[in-house]
Amino acid sequence: MTATSHTASPRYVAPAAELPRIALLATGGTIAGSAPDATRTAGYQAGILGIQDLLSAVPALGGIAHIHAEQVAQIDSKDMSCALWQKLAARLNAVLSQPDVAGAVITHGTDTLEETAYYLHLTLNSHKPVVITAAMRPATALSADGPLNLLNAVRVAADPISGGRGVLVAVNNQIHCARDVVKTSTYAVDAFHSPEVGVLGWVQDDRVAFQRMPLQFHSVESEFVGITGELPAVEVVASYAGVSRIAVDALVEAGVRGIVVAGTGNGSLHVSLQQALDEAVQRGVTVVRASRVGSGHVMHNGAAPDDQYGFVSAGNLPPFKARVLLMLALQAGVPAERMQSLFENY
Ligand code: ASP
1 MTATSHTASP RYVAPAAELP RIALLATGGT IAGSAPDATR TAGYQAGILG
51 IQDLLSAVPA LGGIAHIHAE QVAQIDSKDM SCALWQKLAA RLNAVLSQPD
101 VAGAVITHGT DTLEETAYYL HLTLNSHKPV VITAAMRPAT ALSADGPLNL
151 LNAVRVAADP ISGGRGVLVA VNNQIHCARD VVKTSTYAVD AFHSPEVGVL
201 GWVQDDRVAF QRMPLQFHSV ESEFVGITGE LPAVEVVASY AGVSRIAVDA
251 LVEAGVRGIV VAGTGNGSLH VSLQQALDEA VQRGVTVVRA SRVGSGHVMH
301 NGAAPDDQYG FVSAGNLPPF KARVLLMLAL QAGVPAERMQ SLFENY
């Protein structure tokens, strides 16, 4: 077989003038990380290289989209804040409302990517594709994964098939739903998974393919689109052998509005924690019961009598995403009696 026979039916390549416009918002992370030498994949600093450096490492992007790049932040995503989420959401809503912008890509650190992704999934007012990407190895490393992830993220954002699915996470040739994806490894390149439900689709070379649609509310049908104001204090605590009630009591005393508890197994709670959380509810704190296990769901009235104590169960939302939803719900003034159905529908 000759090389010519492989290319006998080439895919249509749009002329440069017809390339879609993609907004690229950079926030730092390991994808913009720098190490003293190329062999270092652990000892490096995140959020060093600017977006122009990331773009110049991938000349092929010029054949896929007209990219309008902005450096929105330059941080290690371990330091992500609610204020930066709000700034990012406002900027994305502004650029996506421009008729000539086909979609958006965000570069982000991997540590809190899943939280940012879910926050944006619930607050963006657009059907256009929005794709977050990242890297596990710094930009200076041998076999850095950032350049291909960036190329693939732009391909996904530039393909109209990606629209209407909420915020997508494109890493390692896979496309995940913002609601489902979690980081599952400290250093592996294959760090992101969507436990139980699996990937939404994949991107390989010039092909973008999807296998399913997210069913829970997101983006335009979310009641949290365009929400403003400082998000209320919601903290996460965990249940484990010998846990005391000190942390819960201190949080209640400090005036938090909500507590998400990462329970053992199916969201079960140590008796001391259960008592402290019961008292927290009586003092007006919303308590959401999630699991620290990493997959599976927490059934309402399953491992704890939620209705008796006034707890909300998180279903299959992991604790840190349950915190995002609870902050938005409290900020939006969702009444206590609707909180459980909210967690079942978002
Ligand atoms: N600490 C880095 C960050 O989250 C890790 C990464 O990007 O992979 O920004």
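Residue numbering for the sequence shown follows the UniProt record's numbering, starting at 1 and increasing by one per position.
Ideal Cβ positions, reconstructed from N, Cα and C, are used throughout, including at glycine.
Alpha helix (DSSP H) segment containing residue i, residue limits
| i | result |
| --- | --- |
| Phe343 | Met339 to Asn345 |
| Ser272 | Val271 to Gln282 |
| Val156 | Gly146 to Ala158 |
| Arg91 | Cys82 to Leu96 |
| Val116 | Note that residue 116 is Thr in the sequence shown, not Val. Thr116 -> alpha helix (DSSP H) spans Leu113 to Thr123. |
| Ala250 | Ile246 to Ala254 |
| Asp45 | For the sequence presented, residue 45 should be read as Gln rather than Asp. Taken as a continuous stretch (DSSP letters only), Gln45 belongs to no alpha helix (DSSP H), as it is neither H nor E. |
| Gln308 | Asp306 to Tyr309 |
Cβ pair residue i, residue j closer than 8 Å
| i | j | result |
| --- | --- | --- |
| Gly296 | Glu223 | no |
| Val101 | Ser162 | no |
| Val105 | Ala153 | yes |
| Ser56 | Gln45 | no |
| Gln216 | Asn173 | no |
| Ala141 | Thr41 | yes |
| Arg179 | His270 | no |
| Arg245 | Leu273 | yes |
| Gln331 | Ile227 | yes |
| Val130 | Gly103 | yes |
| Val237 | Val220 | no |
| Ala290 | Ala322 | yes |
| Val287 | Phe311 | yes |
| Leu151 | Val225 | no |
First and last residue of the uninterrupted beta strand (DSSP E) at residue i
| i | result |
| --- | --- |
| Gly263 | Gly258 to Gly263 |
| Phe320 | Per DSSP, Phe320 belongs to no beta strand (DSSP E); it is in the alpha helix (DSSP H), Pro319 to Ala332. |
| Val171 | Val167 to Val171 |
| Arg207 | Arg207 to Phe210 |
| Arg40 | Element bounds for Arg40: n/a, residue is neither H nor E. |
| Ala336 | Per DSSP, Ala336 belongs to no beta strand (DSSP E) and is neither H nor E. |
| Ser291 | Thr286 to Ser291 |
| Leu231 | Segment: none, Leu231 is in no beta strand (DSSP E) and carries neither H nor E. |
| Thr27 | Arg21 to Gly28 |
| Ile106 | Val101 to Thr107 |
| Gln204 | Gly201 to Gln204 |
Status (buried if at least 16 other CB within 10 Å, exposed otherwise) for residue i
| i | result |
| --- | --- |
| Leu326 | buried |
| Pro335 | exposed |
| Ala16 | Here the model assigns Ala16 a pLDDT of 49, short of 50, so the residue's position is not dependable and the matter cannot be decided. |
| Gly242 | exposed |
| Gly258 | buried |
| Tyr118 | buried |
| Asp249 | exposed |
| Arg11 | Confidence is the limiting factor: at Arg11 the pLDDT is only 43, short of 50, which leaves the residue's position unreliable and the question unanswerable from this model. |
| Arg155 | buried |
Interface flag, residue i vs chain C, CB-CB below 8 Å
| i | result |
| --- | --- |
| Thr39 | Chain labels in this structure do not include chain C; a single protein chain is all it has. |
Sufficient close CB pairs (3 or more, under 8 Å) joining the stretch 118–125 to the stretch 87–97 | Because the criterion of three Cβ pairs below 8 Å is met, the stretch 118–125 and the stretch 87–97 touch.
Is the stretch 69–88 touching the stretch 18–34, taking contact as three or more C-beta pairs under 8 Å?
-> Three or more beta-carbon pairs separated by less than 8 Å link the stretch 69–88 to the stretch 18–34, which places the two stretches in contact.
Kindly confirm or deny that the stretch 285–301 and the stretch 261–268 touch, where touching means at least three C-beta pairs closer than 8 Å.
-> Judged by Cβ distances under 8 Å, the stretch 285–301 makes contact with the stretch 261–268, as three or more pairs qualify.
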